[in-house]
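In my numbering, the protein residues as written are 233 to 665.
Comments concern the structure below.
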Ligand code: KE4
């Protein structure tokens, strides 16, 4: 079945104008569709599992603003709570009770978190947690994994995932060697490589930071024993274990990936879901470590809009909705049905596929698989993925515009939405086979 041609006249006009105003015409690189070709779709509005572009085309959205929209876009209870809060102002720059409320919810939910600091993005959270790792241990080196993305702070732009991988950037100009000299990397799922780094850098490694489930090199799950092995190795070497749960936090379970896998890190970064679509980030962990953060301790970190009442309100309401009984069972059932359909559709078209999901996070690679690390992810057929992305867009399904991202479902995606999506995959895989 050939796809109806998509009228994107207004999107093209707006994107053309945007390119003269903002680098690449976007506020974040992955949105530019560079790796999938074609022009980005300019959104007009979102609601539940749907997005409409400025030409009034409707899409079933599997990005959900890259994670925050886990209860569905513009959830009426989130909007209602924001309308109430906004009457009292948008930003105080002073303590407010809403920070206490969200902090209590995060501490109550996330096993590693005894104390938390709010910031304004996942990047800020990861920057601060790196400084804290170094402040607490007095050591400078840190281990990250190839393909993991921890925001765009200098010291993390080494073999990073997400937009860095999408654009094939060899790391980034403007990052001095001196900054990344202390960033050591290892292949994901490779405990031996981490052991080797500890052996080569005795007493010098502050800690290990990773995505407990990778969503920035495509979707890559930890192999059994990997997370547990890192927990033991870091303890053995007096180093800290840090889970970057900016993407997995409150998505994999109410306690995040750490609760799902039963491995408790020393520190955790969060973002996305805990802001319910408003700018937010957070880092938290053991009290004795967090009490090093100013003004309780000497490690400095600050932010004008940190803990602002609007982000706190959207976060509180989002977590309240997620905490309701059955939420994660529903998210898991929806996502597993989708992934089963994707696999069946690809196989029917004679295409190799490696697909998986955990709760409301999923992904697939157009290759035999399994994909255990970034090198293997890069072997996937990214060119064919670009054609697939376009074919799905023409059939009203909005997937991440990169083979190096994950997919996100929400409580708002219905069985009908999933069935329509699977049908679109059937037609699109046939079209690109
Ligand atoms: P932000 O600074 O974008 O809020 O968070 C950075 C970050 C940190 N850690 C993890 C695990 C993340 O996934 C992210 C951001 N994720 C990307 C999507 N892969 C955000 C999308 C974008 O860059 O536009």
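Glycine included, every Cβ here is placed at the ideal spot set by N, Cα and C.
Within 10 Å of its beta-carbon, does residue i have 16 or more other beta-carbons around it, so buried, or fewer, so exposed?
| i | result |
| --- | --- |
| residue 318 | exposed |
| residue 649 | buried |
| residue 409 | exposed |
| residue 681 | Shown here, the chain extends from 233 to 665; a query on residue 681 therefore has no answer. |
| residue 248 | exposed |
| residue 288 | exposed |
| residue 653 | buried |
| residue 255 | exposed |
| residue 321 | exposed |
| residue 354 | buried |
| residue 592 | buried |
| residue 467 | exposed |
| residue 362 | buried |
| residue 315 | exposed |
| residue 453 | buried |
Excluding the five sequence neighbours on either side, which residues of its own chain have a C-beta within less than 7 Å of the C-beta of residue i, listed in chain order?
| i | result |
| --- | --- |
| residue 519 | 346, 347 |
| residue 673 | No statement about residue 673 is possible, as the shown extent of the chain runs from 233 to 665 and does not include it. |
| residue 524 | 364, 367, 368, 530, 531 |
| residue 295 | 630, 632, 640 |
| residue 299 | 479, 483, 504, 505, 640 |
Beta-carbon within less than 8 Å of residue i's beta-carbon, same chain only, minus the 5 sequence neighbours each way: which residues are those?
| i | result |
| --- | --- |
| residue 526 | 532, 533, 534 |
| residue 263 | 272, 633 |
| residue 240 | 271, 273, 285, 287, 289 |
| residue 423 | 457, 458, 461, 462, 465 |
What does DSSP give as the partner residue(s) for residue i in the beta ladder?
| i | result |
| --- | --- |
| residue 294 | Looking at the DSSP assignment, residue 294 forms no beta bridge with any residue, so it has no partner. |
| residue 442 | 475 |
| residue 630 | 293 |
| residue 373 | 437 |
| residue 285 | 275 |
| residue 452 | 446 |
| residue 501 | 476, 515 |
| residue 351 | 513 |
| residue 595 | 588 |
| residue 280 | 305 |
| residue 639 | 594 |
Less than 8 Å separating the beta-carbons of residue i and residue j?
| i | j | result |
| --- | --- | --- |
| residue 573 | residue 291 | no |
| residue 448 | residue 380 | yes |
| residue 374 | residue 415 | yes |
| residue 393 | residue 636 | yes |
| residue 554 | residue 486 | yes |
| residue 512 | residue 332 | no |
| residue 489 | residue 477 | yes |
| residue 260 | residue 509 | no |
| residue 588 | residue 638 | no |
| residue 397 | residue 438 | no |
Output needed for residue i: all residues of its chain with C-beta closer than 6 Å, excluding positions within five of it in sequence on either side, in chain order.
| i | result |
| --- | --- |
| residue 391 | 378, 417 |
| residue 604 | 421 |
| residue 404 | 389 |
| residue 618 | 268, 269 |
| residue 443 | 380, 476 |
| residue 334 | 544, 547, 548 |
Which of helix, strand or coil does DSSP assign to residue i?
| i | result |
| --- | --- |
| residue 529 | coil |
| residue 613 | coil |
| residue 388 | helix |
| residue 415 | strand |
| residue 410 | helix |
| residue 622 | helix |
| residue 266 | coil |
| residue 364 | helix |
| residue 589 | strand |
| residue 482 | coil |
| residue 604 | coil |
| residue 305 | strand |
| residue 312 | helix |
| residue 657 | helix |
| residue 458 | helix |
| residue 524 | coil |
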